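Below: one structure, written as structure tokens.
Number of protein chains: 2
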Amino acid sequence: MTKTFVFDAYGTLFDVQSIGSATEEAFPGYGHYITQIWRMKQLEYSWLTTLMGRNEDFWTITLDALEYTLKTLGLKLPPQRLETLAATFNELSDYEDAETCLTQLATHRLAILSNGTKNMLTKLVGNSALNNHLHHILSVEESKVFKPDPRAYQLIIDRLAATREEVIFVSSNGFDIAGAKSFGFTVVRVERVSSEHLTRDLVNAAAVNFGPTEIFKAMRTQEEQLQLKPDFTIPNLASLPKLFSEPSVPIEGPEALDQSGN
Amino acid sequence: MTKTFVFDAYGTLFDVQSIGSATEEAFPGYGHYITQIWRMKQLEYSWLTTLMGRNEDFWTITLDALEYTLKTLGLKLPPQRLETLAATFNELSDYEDAETCLTQLATHRLAILSNGTKNMLTKLVGNSALNNHLHHILSVEESKVFKPDPRAYQLIIDRLAATREEVIFVSSNGFDIAGAKSFGFTVVRVERVSSEHLTRDLVNAAAVNFGPTEIFKAMRTQEEQLQLKPDFTIPNLASLPKLFSEPSVPIEGPEALDQSGN
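If you're matching them up, the sequences are chains A and B in order.
For the first sequence, the residue numbers in our numbering are 25 to 286.
For the second sequence, the residue numbers in our numbering are 25 to 286.
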């Protein structure tokens, strides 16, 4: 049976940490500070502007967050180079397991719902190997709010003519997992950094140098304590097709799927 | 002329960093990791729950953020001790300039608007020297949203029967400064960490150990790039009364005050 899989883009299909080489090239020695503060601030600004009811687009927010980051670190770029550096968000690497995952799910309906503007997403997907594998690319731009505001997830219902029950939403981002779950989707969390590994890394780092990368991982890769648990947690995208393959014997099918009537 | 001053509590009148001794006592060697991640996550959860339209109170959020923090670091506390540690948010030190500031402004109407629950704020203020200096303590609890949602600031209008034009809102928190400005108040930013000092500290730290305290300062003490600038920036609360003292010669009065008709 055909299902509707909707993927988050930044951090789920595409590796946000791949901006690291561009930030390091622009400011040698400061790359990982810029990368982490920029990404954390970018999301923070998406939440704050939505809360204040101000309709900013994600490109403006990305530039503003970069400007904040550089200013905080006492660094400067002329406007043109600021835009060039921000444009690395349109050239992120896709995770190595993303294309295989989408290929194996090809008989299903495959979409992206992302905070990025249409323009950013067109470039991002167009620059990648995932271009031919996605049937729909939805930007929250038309909803005028960012995730996890429910109006952002409503776009999936409206544009794909899907019911909440049939959507399988896939994300690595805690706020997005909580938002999609709160909206009523079946949610798969891609846990790229397991809590065991992270804790070990953090405890080791605490003894040596607990830097911005550790803080980022601590803040943004773990399952949130928001009473909105994902239905499934998988270590990477390669595990997704298996999880939703048609069971040859019914009793082997994943329980939550059976419950939701798929 | 009597003015209405409304202060943010956590980080403005009260020093959130004063939870540091309790977190360090509970987990020696981990105090500053817990302090920073906990506070950053606490605010993150206040924004996310508001965006999702879920009505959580700040005490629950404070506990959830602490639980997240400990779990991430591989640490554990039984529920009772978790509550005891979280209760340090009700015993924060007031900044040493806070009482003098309020004393000097005593002829004006003085209030708090805080994310904290009524219960948390009653304890926090009751435990402090500021207790007798504040005329109103407003919790966003009744608005069922957190700052910077405009419905939180609306409480000032509704409960104090004040107009937007007459309110002087005082905060150190970037999201709060932006929110109050977006709502239409005259906003004073208390810049406890100047950008020059911060940049110098961060550059020095980058060469040695750029830890969670540096990330916290980089993320949460600087003026935001949100096109919502404060009307005034002062280095500490001691500078506030001077800024709003009646000018003996009209031309010496602060310009923005004259413009707003006070």
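Beta carbons are placed, not taken as given, at the ideal position from N, Cα and C, and that holds for glycine.
As the structure is a computational prediction, the values presented were derived from the model and not from experiment.
Within 10 angstroms of its Cβ, does residue i collect 16 or more other Cβ (buried), or is it exposed?
i: A:Gly140; result: buried
i: A:Val164; result: buried
i: B:Ser12; result: A query on residue 12 of chain B cannot be resolved here, the shown segment of chain B reaching from 25 to 286 and no further.
i: A:Met64; result: buried
i: A:Pro259; result: exposed
i: A:Met144; result: buried
i: A:Lys100; result: exposed
i: B:Lys266; result: exposed
i: A:Asn156; result: exposed
i: B:Glu120; result: exposed
i: B:Ala231; result: exposed
i: B:Pro102; result: exposed
i: A:Arg244; result: buried
i: B:Thr35; result: Checking the sequence shown, residue 35 of chain B turns out to be Gly, not Thr. Flag for B:Gly35 reads buried.
i: B:Thr26; result: exposed
i: A:Gly53; result: exposed
i: B:Ser218; result: exposed
i: A:Ala110; result: buried
i: B:Thr364; result: What the structure shows of chain B is the stretch from 25 to 286, and residue 364 of chain B is not part of that stretch, so it cannot be assessed.
i: B:Glu33; result: Note that residue 33 of chain B is Ala in the sequence shown, not Glu. It counts as buried.
i: B:Arg213; result: buried
i: A:Glu220; result: exposed
i: A:Gln246; result: buried
i: A:Gln66; result: buried
Should residue i and residue j be called a contact, given that it needs their Cβ atoms to be closer than 8 Å?
i: A:Arg188; j: A:Ile181; result: yes
i: B:Glu248; j: B:Gly208; result: no
i: A:Ala122; j: A:Leu154; result: yes
i: A:Glu190; j: A:Thr28; result: yes
i: B:Phe268; j: B:Ile192; result: yes
i: A:Leu162; j: A:Leu134; result: no
i: A:Thr93; j: A:Ile58; result: yes
i: A:Ser136; j: A:Phe256; result: The amino acid occupying residue 136 of chain A in the given sequence is Ile; Ser does not appear at that position. Taking 8 Å as the Cβ cut-off, A:Ile136 and A:Phe256 do not qualify as a contacting pair.
i: A:Phe170; j: A:Ser117; result: no
i: B:Ile61; j: A:Ala242; result: yes
i: A:Gly203; j: A:Pro172; result: yes
i: A:Lys168; j: A:Asn228; result: no
i: B:Leu75; j: A:Tyr69; result: no
i: B:Arg216; j: B:Ser196; result: yes
i: A:Leu72; j: A:Glu91; result: no
i: B:Thr112; j: A:Leu222; result: no
First and last residue of the alpha helix (DSSP H) that includes residue i?
i: A:Arg244; result: 236-244
i: B:Arg183; result: 174-184
i: A:Ile201; result: 198-207
i: A:Thr127; result: 122-128
i: B:Phe82; result: 82-96
i: B:Asn143; result: 142-150
i: B:Pro52; result: No alpha helix (DSSP H) holds B:Pro52; DSSP gives it neither H nor E.
i: B:Ala111; result: Looking at the DSSP string, B:Ala111 is not in any alpha helix (DSSP H), and its letter there is neither H nor E.
i: B:Arg224; result: 219-231
Which class does residue i belong to by DSSP, given the choice of helix, strand or coil?
i: B:His159; result: coil
i: A:Asp282; result: The pLDDT assigned to A:Asp282 is 38, lower than 50, so where the model puts this residue is not dependable, and the model offers no usable value.
i: A:Leu134; result: strand
i: A:Tyr57; result: helix
i: A:Thr187; result: coil
i: A:Asp39; result: strand
i: B:Thr257; result: strand
i: A:Ser167; result: helix
i: B:Val194; result: strand
i: B:Ser287; result: Since the displayed chain B opens at 25 and closes at 286, residue 287 of chain B lies outside it and no answer follows.
i: A:Tyr119; result: coil
Out of curiosity, what's the CA-to-CA distance linking residue i and residue j?
i: A:Ser263; j: A:Cys125; result: 8 Å
i: A:Asp200; j: A:Arg224; result: 25 Å
i: A:Leu158; j: B:Leu148; result: 53 Å
i: B:Phe234; j: A:Glu49; result: 20 Å
i: B:Thr146; j: A:Ser42; result: 47 Å
i: B:Ala89; j: A:Leu261; result: 28 Å
i: B:Val40; j: B:Asn151; result: 15 Å
i: A:Asn114; j: A:Gly44; result: 13 Å
i: A:Gly98; j: A:Thr210; result: 44 Å
i: B:Phe51; j: A:Ala186; result: 49 Å
i: A:Glu238; j: A:His56; result: 10 Å
i: A:His160; j: A:Trp83; result: 20 Å
Note the first and the last residue of the continuous beta strand (DSSP E) segment covering residue i.
i: B:Arg213; result: 210-214
i: A:Val30; result: 28-31
Can you determine whether any heavy atom of the ligand MG sits closer than 7 Å to the C-beta of residue i, and answer yes or no?
i: B:Leu94; result: Among the ligands in the structure shown, none appear at all, so the ligand MG cannot be discussed.
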